[in-house]
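See structure below.
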Amino acid sequence: MSGKALLNIKDVYKSFGINEVLKGISLDLNEGEVLALIGGNGAGKSTLMKIIMGIYQHDRGEIFVRGEKVTSNKTSAALANGIYMVPQEPMLFPNMTVKENIVIGFNKKNSELHKELTDLMKEVGWNLDLSRKASSLSIAEQQMVEILRGLLRHAQILILDEPTSALTFDEVQSLFKSVNELKAKGIGIIYITHRLAEVFEIATDVAIMRDGKIPLRGEVSEFTREALVRGLLPPDAQDKENDIRENLKEVDYSAKPVFELQNFSGYGFTDISLKVYPGEILGLAGVIGAGRTELATTVFGKDKVLGGKAILEGKDITGLSTKKVMEAGLNYVPEDRHYHGLFKLSDVAANTTSAMLGEKPMGNFLLNRKEEYRMTQKYIDDFRIKVTGQDQAVGSLSGGNQQKVVIGRSLSTSPKLVILDEPTRGIDAAARGDVYAIIHQLRNQGVSVLLISSDMEEIVELSDRVMTVCQGRINGEFKGEDINQDNLMAASFGITKDTEVGA
Ligand code: ADP
Ligand code: MG
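Take 704 as the starting number for the sequence shown in this note's numbering and just add one per residue.
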């Protein structure tokens, strides 16, 4: 049975302009509950959390903390009420150290804080150098800093907004361990995730959010995985994806390859040879750090070629500038859309069409506004991007929708080959389905795709053929039935049938 009520949300509404994002949300959280909140991109999860945190104001409805109605809607009041949110995108001060970032705002002696913090880190089993500059941290490490900030504040209501999307397996396990400890202490946790497996692994309760409402809430034990999937997807989505899948064309391996690498070498990878055929999705599997992103950025003219050749449609593109490579018909959608892929402040229309403008991304004076709007509308419709209008700032879109804008943008140049680098990292199940549908559509239009992904399920689901990359070299090729997670995982870690781990 559940403990005392920590948080009661009653009939909350919120609109941004004409876009009604929350349509009468009621949700309760009790002591010792881990409530998984799942839902498609743009469903309104982050907005609801930001309202609880006092970052956004709701238009209607009431919020109670430990039975008392919240009257102040300031963030400081939420913090004083013991609510702490780890945001989806970490917000650290890049020039401050890890420790400075964690203890900022505390009125306590430095030595005391230092002890509490090191004890806390020991307790959750995380090993972070406190003196490092935040700007040198990986996304996973930034997340850890954010979580430590909340834990150090003894939050009673902890909100984790997709905390594991950028964490490694070990980091996730230690996060789960600390979540379990917090739960045992009676802390209530709202855990937003797009990974259904995590719901069953860590949550006591689950709520599904769809289109600004919560159609389903209950104890996890009441639900099967299938029931949750059904609850998540809009009723027609599954049919659409099945239709596309049934109509997938066969790859013609006797055709001339669209793209070829011959003994291609650069920083982080060596002697890579591969061919991609028309309309083929070639998966490049591997672990993070295997050298695949470096391979992509080198092909794309961002890094130096150290040897070998890159050929696109018979044309030698080795060592050409990014602009020339794009003109030749190759486009690259980078892994970290927050830093490379998007111009957060500009609007959706400018972003979708900016790839056509070559080196002058912000110079939308080159395209007439009408043409820009026409093309943008096409992508918004095709990819089901959830926006209030074309002039909505991209930074305010949810992660999956941002990713769709970036992929839309890469297609506006009609490329022959698109390199997608971790295209669905950090986005939820429903948006993931949309991105897969986009990739299948591309394939059917004859565009070839080089798919870099560390998500083996994704590689298996999408690829016509797979090559594995381990420590900068290709060490395996898989076709047909051999494309399965076991084979790919083993090869990615450099394990073959004859050798053991570490051998
Ligand atoms: P989720 O976290 O479930 O993916 P969000 O709460 O981020 O969803 O977004 C819900 C909807 O609200 C989206 O359509 C998004 O574009 C819109 N939205 C979120 N923040 C803003 C904002 N600051 N201004 C305008 N629209 C916003
Ligand atoms: Mg969100």
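Where a beta carbon is used, it is the ideal one built from N, C-alpha and C, also for glycine.
(request) Whole angstroms is fine: what's the gap from E901's alpha carbon to L1023's? (result) Looking at the two C-alpha atoms, the distance is approximately 44 Å.
(message) Taking only three categories from DSSP, how would you classify M847?
(response) Residue state, collapsed to three classes: helix.
(message) Among L732, E765, F719 and K1007, whose alpha-carbon lies nearest the alpha-carbon of K713?
(response) The candidate whose alpha carbon is nearest that of K713 is E765.
(message) Let me check one thing: in DSSP terms, what residues is I893 bridge-paired to?
(response) As a beta-bridge residue in DSSP terms, I893 pairs with L738 and I862.
(request) Give the straight-line distance between the Cα atoms of E865 and K1018, rounded to the nearest whole angstrom. (result) Their Cα atoms are separated by approximately 43 Å.
(message) Measuring only from the beta carbon, is D864 closer than 7 Å to any heavy atom that is part of the ligand MG?
(response) Flag set: Cβ of D864 near the ligand MG.
(message) Here's the rule: buried if 16 or more other CB atoms are within 10 angstroms of the residue's CB, otherwise exposed. What is E953?
(response) Note on E953: under 16 other CB atoms within 10 angstroms of its CB, so exposed under the neighbour-count rule.
(request) Answer with buried or exposed for F1003, where buried requires no fewer than 16 other C-beta atoms within 10 angstroms of its C-beta. (result) Under this definition F1003 is a buried residue.
(request) State yes or no: is the C-beta of L854 within less than 8 Å of the C-beta of L816? (result) Contact: no.
(request) With a floor of 4 residues, list each alpha helix (DSSP H) that falls wholly inside the segment 961-1012, ordered by position along the chain. (result) Runs found: 995-1002.
(request) Can you tell me which of the three DSSP states V1169 falls into? (result) Note: V1169 maps to strand in three-state DSSP.
(message) Using CA atoms only, rank isn't needed, just tell me which of M756, L738, V1028 and I1155 is closest to S1117.
(response) Closest in alpha carbon position to S1117, among M756, L738, V1028 and I1155, is V1028.
(request) Please go through the same chain and pick out, in chain order, the residues whose beta-carbon is closer than 6 Å to the beta-carbon of E1062, but skip the five residues on each side of it. (result) Residue confidence for E1062 is low, a pLDDT of 36 falling below 50, so the modelled location carries little weight and cannot support an answer.
(message) Assuming A1133 and L936 are in contact, meaning their beta carbons sit under 8 Å apart, how far apart are those beta carbons, in whole angstroms?
(response) The C-beta distance from A1133 to L936 rounds to 6 Å, short enough to meet the 8 Å contact threshold.
(request) Please go through the same chain and pick out, in chain order, the residues whose beta-carbon is closer than 7 Å to the beta-carbon of M1159, but skip the five residues on each side of it. (result) Cβ neighbours of M1159 beyond the five flanking positions: A988, Q1188, L1191 and M1192.
(request) Could you tell me which residues DSSP puts in a beta bridge with T800? (result) DSSP lists K836 as partners of T800.
(message) Considering only their Cβ atoms, is the gap separating G757 from N776 smaller than 8 Å?
(response) Taking 8 Å as the cut-off, the Cβ atoms of N776 and G757 count as close.
(request) Report the option in L964, N733 and S718 whose CA atom is closest to the CA atom of G727. (result) Of L964, N733 and S718, the residue nearest in Cα terms is S718.
(request) Whole angstroms is fine: what's the gap from T800's alpha carbon to M788's? (result) The alpha-carbon of T800 is positioned some 21 Å away from that of M788.
(message) Let's see if you can read the secondary structure: which residues bound the alpha helix (DSSP H) around F903?
(response) For F903, the enclosing alpha helix (DSSP H) stretches over residues L899 to I905.
(message) Quick check on N1034: does DSSP put it in helix, strand or coil?
(response) The answer is strand: DSSP assigns N1034 an E or B state.
(request) Flag V806 as yes when its Cβ comes closer than 7 Å to any non-hydrogen atom of the ligand ADP, and as no otherwise. (result) Because no heavy atom of the ligand ADP lies under 7 Å away, the Cβ of V806 does not count as near it: no.
(request) Use the C-beta contact count for L710: other C-beta atoms within 10 angstroms, 16 or more gives buried, fewer gives exposed. (result) Buried, because 16 or more other Cβ atoms sit within 10 Å of the Cβ of L710.
(message) Classify Q774: buried if its beta carbon has 16 or more other beta carbons within 10 angstroms, exposed otherwise.
(response) The displayed chain sequence assigns Thr, not Gln, to residue 774. T774 counts as exposed, since fewer than 16 other beta carbons sit within 10 angstroms of its beta carbon.
(message) Using the Cβ count rule (16 or more neighbours within 10 Å means buried), how would you classify S749?
(response) That one is buried.
(message) Only counting the same chain, and skipping five residues up and downstream in sequence, which positions put a Cβ closer than 6 Å to that of K886?
(response) Answer for K886: G735 and V737, listed in chain order.
(message) Rounded to the nearest angstrom, what separates L861 and L1015 at their Cα positions?
(response) The straight-line gap separating the alpha-carbon atoms of L861 and L1015 is approximately 50 Å.
(message) My output table needs one value for L782: the three-state DSSP class, helix, strand or coil.
(response) Collapsing the DSSP output to three states places L782 in a helix.
(request) State the DSSP-derived secondary structure class of M788, mapped to helix, strand or coil. (result) In the structure shown, M788 sits in a strand (DSSP, three-state: E or B).
(message) Per the DSSP calculation, K916 is bridged to which residue(s)?
(response) Under DSSP, K916 takes part in a beta bridge, and its partners are R913.
(message) Let me check you understand the geometry: is the CB of K717 closer than 7 Å to at least one non-hydrogen atom of the ligand SAH?
(response) The ligand content of the structure shown is limited to the ligand ADP and the ligand MG, which means the ligand SAH is not among them.
(request) Tell me whether I1162 sits in a helix, a strand or coil according to DSSP, three-state version. (result) Three-state result, I1162: helix.
(message) Please determine whether the Cβ atom of G934 lies at a distance below 7 Å from any heavy atom of the ligand ADP.
(response) G934: no, Cβ never under 7 Å from the ligand ADP.
(message) Are the CB atoms of I1155 and V1169 within a distance shorter than 8 Å?
(response) Not closer than 8 Å, so no.
(message) Let me check one thing: in DSSP terms, what residues is D1019 bridge-paired to?
(response) Answer is I1014.
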